[in-house]
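Read through the structure below, which is laid out as structure tokens, and then see the notes.
Number of protein chains: 4
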Amino acid sequence: MHHKPALRVALIGYAFMGKIHAQAWQTAPRFFDVDARIDLVVGRDEAAVAEFAHTFDIPRYATDWRDAVNDPEIDAVDICVPGDLHAEISNAALAAGKHVLCEKPLANTAAEAEEMTRLAAEARAHGVQSMVGFSYRGTPALGVMRKLIADGRLGTIRHIRATYLQDWIVDEDFPLVWRLQKAKAGSGSLGDIGAHVIDMAYFLTGQKLTGVSALTETFVKERPLVASQGSLAATAGEGRGTVDVDDAAVFIARTDGGALATFEATRFAAGRKNAIRIEINGSLGSVAFDFERLNEFEFHDHTLPSDEAGFRRILATEPEHPYLSAWWPTGHGLGYEHTFTHEVVEFARAIASGVAPAPSYEDGLYVQRVLDAVERSAAGNAGWVALG
Amino acid sequence: MHHKPALRVALIGYAFMGKIHAQAWQTAPRFFDVDARIDLVVGRDEAAVAEFAHTFDIPRYATDWRDAVNDPEIDAVDICVPGDLHAEISNAALAAGKHVLCEKPLANTAAEAEEMTRLAAEARAHGVQSMVGFSYRGTPALGVMRKLIADGRLGTIRHIRATYLQDWIVDEDFPLVWRLQKAKAGSGSLGDIGAHVIDMAYFLTGQKLTGVSALTETFVKERPLVASQGSLAATAGEGRGTVDVDDAAVFIARTDGGALATFEATRFAAGRKNAIRIEINGSLGSVAFDFERLNEFEFHDHTLPSDEAGFRRILATEPEHPYLSAWWPTGHGLGYEHTFTHEVVEFARAIASGVAPAPSYEDGLYVQRVLDAVERSAAGNAGWVALG
Amino acid sequence: MHHKPALRVALIGYAFMGKIHAQAWQTAPRFFDVDARIDLVVGRDEAAVAEFAHTFDIPRYATDWRDAVNDPEIDAVDICVPGDLHAEISNAALAAGKHVLCEKPLANTAAEAEEMTRLAAEARAHGVQSMVGFSYRGTPALGVMRKLIADGRLGTIRHIRATYLQDWIVDEDFPLVWRLQKAKAGSGSLGDIGAHVIDMAYFLTGQKLTGVSALTETFVKERPLVASQGSLAATAGEGRGTVDVDDAAVFIARTDGGALATFEATRFAAGRKNAIRIEINGSLGSVAFDFERLNEFEFHDHTLPSDEAGFRRILATEPEHPYLSAWWPTGHGLGYEHTFTHEVVEFARAIASGVAPAPSYEDGLYVQRVLDAVERSAAGNAGWVALG
Amino acid sequence: MHHKPALRVALIGYAFMGKIHAQAWQTAPRFFDVDARIDLVVGRDEAAVAEFAHTFDIPRYATDWRDAVNDPEIDAVDICVPGDLHAEISNAALAAGKHVLCEKPLANTAAEAEEMTRLAAEARAHGVQSMVGFSYRGTPALGVMRKLIADGRLGTIRHIRATYLQDWIVDEDFPLVWRLQKAKAGSGSLGDIGAHVIDMAYFLTGQKLTGVSALTETFVKERPLVASQGSLAATAGEGRGTVDVDDAAVFIARTDGGALATFEATRFAAGRKNAIRIEINGSLGSVAFDFERLNEFEFHDHTLPSDEAGFRRILATEPEHPYLSAWWPTGHGLGYEHTFTHEVVEFARAIASGVAPAPSYEDGLYVQRVLDAVERSAAGNAGWVALG
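Protein chains in written order, with this note's numbering: chain A, 2 to 389; chain B, 2 to 389; chain C, 2 to 389; chain D, 2 to 389.
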């Protein structure tokens with residue numbers, strides 16, 4: 002029954018990120034003009050990856066990512082493993098002529114990201130595409146907000162106010178999972194979630210930060226070692242180890258468009274689960290968003306008479322909104338999962354059309370440079386670090 | 002690669018409802034302990050149903066629902082066509098020993114629903130299961146609210162306040178689609194969306210209405226005839242026809258638990274897209290919900306000291322919440338689609354376990370009787386109609 | 002220092018309502034073009050009324066309301082006592098040529114209200130003004146909403162959805178205060194708070210109800226007798242007495258403009274403190290309000306493109322909004338108290354200009370007739386009771 | 002009729018601030034155990050101040066503040082003029098043995114504030130009280146939040162997130178009023194509104210900032226000169242002048258309790274009218290507040306089971322809440338004005354009891370030092386400036 006799809010993808014990784022990418026690849030062709038399918042999944046634990054392949058109806062599995070990179074049946078590689086492996090896999094895959102979708106952050110260090118981006122640019126010259134996985138760009142509400150700004154509806158941007166607030170490690174006895182270890186994760190809240198809001202501010206406004214002044218903090222400096230760890234949970238074992246990444250980061254910045262910006266990323270905002278909040282104020286209007294209510298955003302049109310102006314809650318579920326004509330009637334919301342569906346749609350369409358997709362590795366590198374500047378500023382007692 | 006699944010389903014219908022059911026059946030086995038698959042899809046337009054089968058990776062298609070009912074390879078039938086066909090298909094399928102999942106409302110008339118329910122009870126005695134598709138029961142937030150009530154956290158229920166507000170026909174020139182025709186749809190806003198909130202009130206509280214007093218109205222009595230109609234949209238042609246269903250219905254009721262209730266269903270609430278709002282007040286607390294923010298609900302615990310009590314916004318995305326342990330980290334919301342995933346999970350699990358699923362045809366019949374009472378009350382100038 | 006003001010008022014009553022009226026009369030001349038002052042306060046307990054007069058800087062006090070009515074120094078009488086005394090005082094005061102501001106509801110029975118209104122019309126013909134105290138009309142947000150509707154911004158009204166939700170007697174051991182006794186209060190939640198939303202719907206839309214179908218309920222039928230009672234609180238004594246008023250009332254209605262309406266008044270909505278909620282949907286837009294957030298309302302403009310339409314939160318604190326130019330900068334909200342300031346401003350301005358104030362006794366009588374119809378419908382098992 | 006009150010106050014200034022203080026002094030004795038009255042008002046324009054005295058029922062007026070300071074009938078001075086006059090008046094009044102309530106910010110420079118505070122401490126040793134007017138401390142919701150934190154309900158504070166957002170000068174042609182001139186106002190958004198949130202963070206948590214890194218910006222550098230100016234509005238004349246204060250300020254900070262903090266003050270947040278927003282996250286819970294909804298706040302109790310925890314909207318209108326037992330029934334909100342009523346109540350009670358009031362001049366000086374550090378950091382390209 003299965004025809005041979007135009008794009009055959011190898012998925013590297015099958016934990017939380019791999020799972021949601023798998024679901025996205027399954028869903029995309031059913032609702033969008035995308036002819037693609039995961040043909041191979043890679044994971045180190047053979048029994049587990051075999052089970053995953055069965056569950057997600059993926060024809061083949063392997064235990065070494067090199068098998069995917071070297072496989073002539075594979076057109077594209079989707080990298081869903083921790084950041085310490087991104088550079089090696091991406092570089093090899095692009096060299097082998099495979100299109101690459103790489104989860105964010107692009108790399109654990111700016112140096113790696115520089116090299117990856119250089120290689121991606123070379124590959125792109127030969128028609129090999131690459132894209133970094135800032136999945137939240139696939140949120141329809143953000144797409145509408147971006148269009149309002151691009152259309153000039155906010156006028157000159159004055160303020161960007163972005164926070165990414167979580168609370169999963171507020172408990173001091175939450176164990177020392179890989180996301181709290183610098184060797185694996187590169188950084189803490191900054192790279193994991195701060196990266197998203199840095200990209201989001203750029204995606205929405207098209208403006209880049211020209212410098213930052215930052216503070217970071219590790220509130221809980223030792224945590225129980227992990228006894229066992231699944232994709233989304235862990236149990237504590239005996240003994241404690243050192244947390245060597247940031248629990249929270251705050252920074253202020255200027256943009257190349259003359260705006261002032263504030264950013265915050267934290268895993269210590271008790272009660273905030275996935276509060277990606279961004280508000281942008283301009284001379285003609287404002288927009289505001291919170292991912293905890295992902296199907297809506299607010300728009301204030303400052304050109305209306307002041308006695309009837311106000312922040313307007315717009316459900317981003319209209320057929321005119323990005324991606325929505327493929328889905329359900331107005332008011333019937335989408336979920337987190339669909340931001341990934343839209344991400345793979347963008348990637349597959351770009352390959353089909355030969356037009357380079359966004360966000361590019363250059364975009365990923367920009368975010369990496371900001372993360373790097375934030376870390377340097379924080380290390381230097383909030384001193385100003387210029388960018389660009 | 003495909004193994005023969007434990008449950009082979011025939012999907013009858015492939016428009017809006019068929020499409021979302023197809024996606025639900027695809028997704029369920031990937032995230033839940035469900036071994037099931039759509040094996041056959043039925044639609045009258047052969048080219049269109051073939052295309053649908055291809056898109057959704059369904060092995061076979063047919064143009065006559067009897068093919069599904071008579072097919073020995075089929076274990077269950079999922080009915081996603083308008084209400085005027087429910088009775089005939091359901092009755093035949095159950096007689097043929099197929100489990101049936103039937104979209105709501107169960108039927109277009111109470112008489113049909115009575116007969117369907119009688120036959121379903123007979124079939125159930127022989128291990129053939131049936132379920133009616135009140136998909137909103139699969140919303141995790143509602144599941145948590147139900148548990149709070151079942152656990153006594155609201156005490157004695159005093160008030161139910163339920164509205165289902167849409168606005169897609171506010172424009173007087175919106176055409177006369179099938180949902181506005183009594184012969185096809187049975188009723189208007191009342192049966193289409195009012196049915197959902199009647200079931201929701203029952204699902205949440207376990208209390209049934211003992212009588213109603215109702216008003217209905219058709220605000221726009223003639224509309225343009227339809228030139229062409231897709232699954233979710235239509236264009237107007239020449240001439241106008243008569244709308245013979247209700248545009249809106251309001252009613253008040255008492256419950257068998259001593260509460261007062263108000264209900265409203267309308268397609269004329271400008272700006273409300275899918276505002277399924279329900280608030281329940283009890284002697285010890287209250288809960289409130291709006292489907293336009295489906296990943297959250299509010300809970301007021303009246304047993305707390307009054308100086309720190311208030312409505313608490315709870316994100317229904319915790320692993321302890323219904324269905325959530327199968328999904329993403331806390332705060333990463335689900336969408337409308339997933340209520341259907343959960344619905345087919347319930348259906349498939351019931352068949353696997355031999356325990357009759359909910360909502361049952363009896364539940365569907367209860368809703369049908371309320372709809373019927375509402376129509377009779379409205380026809381009799383809001384006179385009281387008791388429900389037995 | 003004090004000059005003799007143009008309008009000398011006698012305040013009858015000094016409990017909760019008297020106190021807030023006193024504050025309103027003190028504040029009005031400081032912020033508005035109103036030259037008026039309370040010259041006399043009347044209460045039966047001499048020590049208490051003397052103390053009140055001292056606190057509120059009122060020159061004189063008396064213990065019999067007839068002293069106010071007969072006093073040539075008094076121009077107007079402000080009636081702030083329970084409803085059972087309204088008719089007698091109002092009728093006498095108007096007969097004596099005093100302008101009258103009478104707290105709502107106008108009377109405890111429709112018959113009394115009819116007579117009061119007849120006498121008020123006669124007095125008005127001689128330049129003696131009268132006004133009923135639906136204080137919420139003085140809420141600026143409601144004034145803006147009313148103007149939007151009067152300007153046609155909502156088009157044809159389709160739905161009115163009004164609730165007044167409180168929770169102060171949810172506890173079954175809350176004592177049997179005068180507001181729970183028919184002889185004093187006339188009715189329960191219906192007359193006390195339901196009256197406000199009936200008036201509010203009329204104030205906003207200009208449409209009257211043409212008939213109602215209603216249910217009322219007394220959830221807690223016996224309560225502890227009162228040991229002692231202040232103006233806003235009470236303590237329970239020994240023994241229990243019968244509650245002979247409604248705890249809650251719900252009703253559906255039609256308006257003379259063709260809209261469907263739902264109303265609810267209850268003191269059993271746990272967690273809702275003063276939730277006067279009203280939403281009105283029309284063919285061109287909608288408005289929504291909740292008194293718990295009195296400084297704002299929502300407006301949906303359905304004539305905007307659907308991809309940027311939504312409910313807009315408008316802070317009713319702009320200088321163009323009713324009464325606001327007299328107050329603080331935008332965004333600096335007013336309180337409940339100021340609705341009364343605005344009420345006495347309207348009353349005093351009407352007397353100064355000779356133009357009859359609103360809401361008139363006729364408006365109060367209309368509300369009384371609706372209350373009466375609701376009670377008759379509820380007594381007749383929700384049967385339809387026509388109005389007008 | 003008027004008795005001689007225990008506390009006779011001279012009000013210096015009768016513009017926006019003077020007016021709201023006058024109303025506060027009028028209201029306080031009617032609702033609280035405060036025996037005080039404004040006996041004298043001072044303003045340079047004799048006709049205007051005479052009119053004000055008449056309107057607000059103030060027995061006497063003067064045109065030179067020295068008359069108030071030297072008047073033996075005056076017990077206390079309430080300073081409501083721009084910041085450039087604070088030091089001179091306050092110092093003279095305290096020297097003359099008058100209690101002083103001084104509007105914020107304490108002074109236009111830290112040096113002046115130091116001297117004022119030194120003199121205030123000396124005066125306090127002789128029983129002469131002083132207080133700085135951070136009026137928002139009188140907001141009941143903030144009082145409840147403060148108590149929750151003081152009671153340990155938030156545990157260890159991790160984050161403070163404070164913004165004060167306004168939009169009254171978004172229009173580039175809004176004229177160059179005194180608040181935009183350094184000579185008069187001292188600073189722009191920073192001193193005018195930033196000062197409030199700096200104090201608020203301290204008031205709520207009791208923690209002080211140990212250092213800041215800041216950026217400020219003047220987005221619109223030239224504005225039309227003022228033709229005429231009332232207390233709350235102005236019209237533009239010919240020509241343009243230079244804006245020499247900040248339009249916006251952002252800064253990050255650490256506290257002496259180990260928390261990270263972000264602050265923002267701006268007059269360029271289109272659509273935000275008086276959005277004083279503060280959120281505080283601790284190890285056991287969080288609180289959040291927005292002055293645009295001044296009668297409520299949110300509290301998240303992180304010690305509750307995670308499946309029923311969430312931000313709880315608490316109406317700060319319960320009799321147990323600060324100041325509320327003096328006012329109206331629960332749910333009947335207060336306004337901006339009442340924060341000043343509570344301020345003068347605190348001041349008058351402190352004088353009556355002989356216990357020094359809060360916020361003290363030392364508190365005002367702390368805020369002044371933070372403002373000064375922010376300005377120095379911003380001048381030095383966001384370099385870290387340590388405090389304390």
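Here a beta-carbon is modelled for each residue, glycine too, at the ideal position from N, C-alpha and C. Nothing here was measured: the structure is a model prediction, and the numbers come from that model.
Residue 342(C) versus chain D: which residues are under 8 Å apart at the beta carbon? Here residue 342(C) refers to the residue found at position 341 of the third sequence. Those do not exist, as residue 342(C) stays about 10 Å from chain D at its closest Cβ, beyond 8 Å.
Checking 8 Å against the spacing of the C-beta atoms, do residue 260(C) and residue 160(C) come in under that value? Translated into the one-based positions of the third sequence, residue 260(C) becomes position 259. Translated into the one-based positions of the third sequence, residue 160(C) becomes position 159. Result yes, Cβ atoms of residue 260(C) and residue 160(C) sit closer than 8 Å.
Helix, strand or coil, according to DSSP, for residue 102(A) in the structure here? On the first sequence, residue 102(A) is found 101 positions in, with the first residue counted as 1. In this structure, residue 102(A) counts as strand in the three-state DSSP scheme.
So, using beta-carbon positions, are residue 83(B) and residue 179(B) closer together than 8 Å? Taking the second sequence and counting its residues from 1, the one referred to as residue 83(B) is at position 82. Taking the second sequence and counting its residues from 1, the one referred to as residue 179(B) is at position 178. Yes. Within cutoff.
Cβ separation of residue 310(A) and residue 158(C), assumed to be a contact under 8 Å, to the nearest whole Å: For the purposes of this step, residue 310(A) is identified with residue 309 of the first sequence, where counting begins at 1. For the purposes of this step, residue 158(C) is identified with residue 157 of the third sequence, where counting begins at 1. Their Cβ separation, rounded to whole angstroms, is 24 Å, which puts residue 310(A) and residue 158(C) out of contact at 8 Å.
With distance defined between alpha-carbon atoms, name the residue in 365(A), 371(A), 331(A) nearest to residue 132(A). Counting from one through the first sequence, the residue named residue 132(A) turns up at place 131. Of 365(A), 371(A), 331(A), the residue nearest in Cα terms is 365(A).
In terms of residue numbering, what span does the beta strand (DSSP E) encompassing residue 24(D) cover? The sequence position of residue 24(D) within the fourth sequence is 23, counting from 1. Looking at the DSSP string, residue 24(D) is not in any beta strand (DSSP E); the run it does join, the alpha helix (DSSP H), is 17-32.
Taking contact to mean at least 3 C-beta pairs separated by less than 8 Å, is the stretch 123-132 of chain D in contact with the stretch 140-160 of chain D? no
Residue 369(C) - DSSP class collapsed to helix/strand/coil: Your numbering for residue 369(C) matches position 368 in the third sequence. Of the three classes helix, strand and coil, the one that applies to residue 369(C) here is helix, per DSSP.
Cut-off 6 Å between Cβ atoms - residues of its own chain near residue 373(B), not counting five sequence neighbours on either side: As a position in the second sequence, residue 373(B) is number 372, starting the count at 1. These residues qualify, in order along the chain: 111.
Residue burial classification, residue 176(D) (beta-carbon count within 10 angstroms, cutoff 16): Counting from one through the fourth sequence, the residue named residue 176(D) turns up at place 175. Result: buried.
Based on the DSSP output, what are the partners of residue 201(B) in its beta bridges? Walking along the second sequence from the start, residue 201(B) turns up at place 200. In the DSSP output, where bridge partners are listed per residue, residue 201(B) has none listed.
Flag residue 57(A) as yes if its beta-carbon sits less than 8 Å from any beta-carbon of chain B, otherwise no. Indexing the first sequence from 1 puts residue 57(A) at position 56. When Cβ-Cβ separations below 8 Å define contact, residue 57(A) makes contact with chain B.
Starting from the beta carbon of residue 311(C), find every residue of chain A whose beta carbon is closer than 7 Å, and list them in chain order. On the third sequence, residue 311(C) is found 310 positions in, with the first residue counted as 1. Simply 313, 314, 315, 316.
Using a Cβ-Cβ cut-off of less than 7 Å, list which residues of the stretch 320-341 of chain D approach chain B; keep chain order. Within the stretch 320-341 of chain D, 321, 322 place their CB atoms closer than 7 Å to a CB of chain B, listed in sequence order.
Residue 77(C) bridges to which residues according to DSSP? Numbered from its first residue, the third sequence carries residue 77(C) at position 76. Residue 77(C) pairs with 10(C), 100(C).
For residue 104(C) and residue 43(C), I'd like the C-alpha separation in whole angstroms. Here the question's residue 104(C) lines up with position 103 in the third sequence. Here the question's residue 43(C) lines up with position 42 in the third sequence. Between residue 104(C) and residue 43(C), the C-alpha separation is close to 15 Å.
I want to verify the contact list: residues of chain C whose CB lies under 7 Å from the CB of residue 295(D), in sequence order. Residue 295(D) sits at position 294 when you count from the first residue of the fourth sequence. Under the 7 Å cutoff, chain C gives 334.
Name the one or two DSSP bridge partners that residue 256(B) has. For this step, residue 256(B) is matched to residue 255 along the second sequence. According to DSSP, which records beta bridges pairwise, residue 256(B) is partnered with 210(B).
Any C-beta of chain C under 8 Å from that of residue 285(A): Mapped onto the first sequence, residue 285(A) falls at position 284. No, residue 285(A) does not count as interfacial toward chain C.
For residue 173(A), the residue or residues it bridges with in DSSP: The residue given as residue 173(A) occupies position 172 in the first sequence. None; residue 173(A) has no bridge partner.
Closest residue to residue 134(A) among 163(A), 213(A), 166(A), 91(A) (Cα-Cα distance): Residue numbering aside, residue 134(A) sits at position 133 when the first sequence is read from its first letter. When only C-alpha atoms are compared, the closest one is 91(A).
I need the straight-line Cα distance from residue 1(A) to residue 40(B), nearest angstrom please. Residue numbering for chain A in the displayed model covers 2 to 389; residue 1(A) lies beyond these limits and cannot be assessed.
Compare the C-alpha of residue 139(D) against each of 13(D), 296(D), 98(D) and name the closest. Stepping through the fourth sequence from its first residue, residue 139(D) is reached at position 138. Here the closest residue by C-alpha is 296(D).
When you check each C-beta in the stretch 203-221 of chain D against every C-beta of chain A, which residues fall closer than 7 Å? 214, 216, 218, 220
Note down the Cα distance separating residue 350(B) from residue 363(B), rounded to an integer number of angstroms. Position 349 of the second sequence holds residue 350(B). Position 362 of the second sequence holds residue 363(B). Rounded to the nearest angstrom, the two C-alpha atoms are 19 Å apart.
Looking at C-alpha atoms only, which residue of 170(A), 51(A), 58(A) is the closest neighbour of residue 26(A)? Taking the first residue of the first sequence as 1, we reach residue 26(A) at position 25. Ranked by how close their Cα comes to the Cα of residue 26(A), the residues 170(A), 51(A), 58(A) have 58(A) in first place.
Along the stretch 74-106 of chain D, what residues have a CB closer than 8 Å to any CB found in chain B? none
Pull up the CB-CB distance for residue 253(C) and residue 383(B), whole angstroms please, since I reckon it's below 8 Å. Translated into the one-based positions of the third sequence, residue 253(C) becomes position 252. Translated into the one-based positions of the second sequence, residue 383(B) becomes position 382. Right, their Cβ atoms sit about 7 Å apart.
Going by DSSP, which residues form a beta bridge with residue 344(B)? Numbered from its first residue, the second sequence carries residue 344(B) at position 343. For residue 344(B), which the question treats as bridged, DSSP gives no partner whatsoever.
Candidates 330(A), 299(A), 387(A), 167(A): closest to residue 257(A) by CA position: Along the first sequence, one-based indexing puts residue 257(A) at 256. By alpha-carbon distance to residue 257(A), the top candidate from 330(A), 299(A), 387(A), 167(A) is 387(A).
Is the beta carbon of residue 272(B) less than 8 Å from the beta carbon of residue 32(C)? Position 271 of the second sequence, counting from 1, holds the residue named residue 272(B). Position 31 of the third sequence, counting from 1, holds the residue named residue 32(C). The answer is no: Cβ separation not under 8 Å.
Select from 368(B), 322(B), 230(B), 156(B) the residue whose C-alpha is nearest the C-alpha of residue 332(B). Numbered from 1 along the second sequence, position 331 holds the residue referred to as residue 332(B). Ranking 368(B), 322(B), 230(B), 156(B) by Cα distance to residue 332(B) puts 322(B) first.
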